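To get the numbering used here, take the position in the sequence shown, counting from 1, and add 143. All residues carry an ideal CB built from backbone N, CA and C; glycine is no exception. Here the structure is a predicted model, which means the values were calculated and not measured.
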Amino acid sequence: MPKPKYVTYILVIFVANSKRIRVGRLGEIVFERGLYFYVGSGGRSPAARLRRHIARNKRKFWHIDYLTSREKVVFAFVFESRRRLECRVASCLGSVLPSISKFGSSDCRCKSHLFYFPL
């Protein structure tokens, strides 16, 4: 059986109190109290990518860096597949949860890769 080629992950980020965060070119975004689900892909080194997301002190390169440098990643779902699933997973989450428009999706046609569940 061929080894899976792609890694997709969902970060679960807890925002305890509502706050405004400037997110690169997206500008200022209000993050309400709740859980946020970010869909990404692992690239060549998924473990390194996840360690980077969890780290608080980092250069801000991706949209998610602005959020994870201030808020805690509480869980990560990671799965492997033979096909790219990042956008499909984002689409599925977007069908049941509100999203933060254009967040994490500047390199694809998705509406967003960040979804919100109020607490």
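Worksheet item: Which of helix, strand or coil does DSSP assign to P189?
Response: Counting from one through the sequence shown, the residue named residue 189 turns up at place 46. Three-state result, P189: helix.
Worksheet item: Which stretch, first to last residue, makes up the beta strand (DSSP E) that contains R165?
Response: For the purposes of this step, residue 165 is taken as residue 22 along the sequence shown, with counting starting at 1. Note, R165: beta strand (DSSP E), 162 to 166.
Item to complete: Keeping to the same chain, check which residues put their C-beta closer than 6 Å to that of F258; ignore five residues upstream and five downstream.
Response: One-based indexing of the sequence shown puts residue 258 at position 115. Same-chain partners within the cutoff: F180, L236, L240, S242.
Fill in: Of the listed residues V221, L210, K254, S238, nearest to V173 (C-alpha basis)
Here residue 173 refers to the residue found at position 30 when the sequence shown is read from its first residue. Among V221, L210, K254, S238, the Cα nearest to that of V173 belongs to L210.
Item to complete: Sort out for me which residues DSSP pairs V158 with in a bridge.
Response: The residue given as residue 158 occupies position 15 in the sequence shown. Paired residues: G177.
Worksheet item: Just the Cα atoms here: how many angstroms apart are V158 and C253?
Response: Position 15 of the sequence shown holds residue 158. Position 110 of the sequence shown holds residue 253. Annotation: V158 to C253 spans about 23 Å, alpha carbon to alpha carbon.
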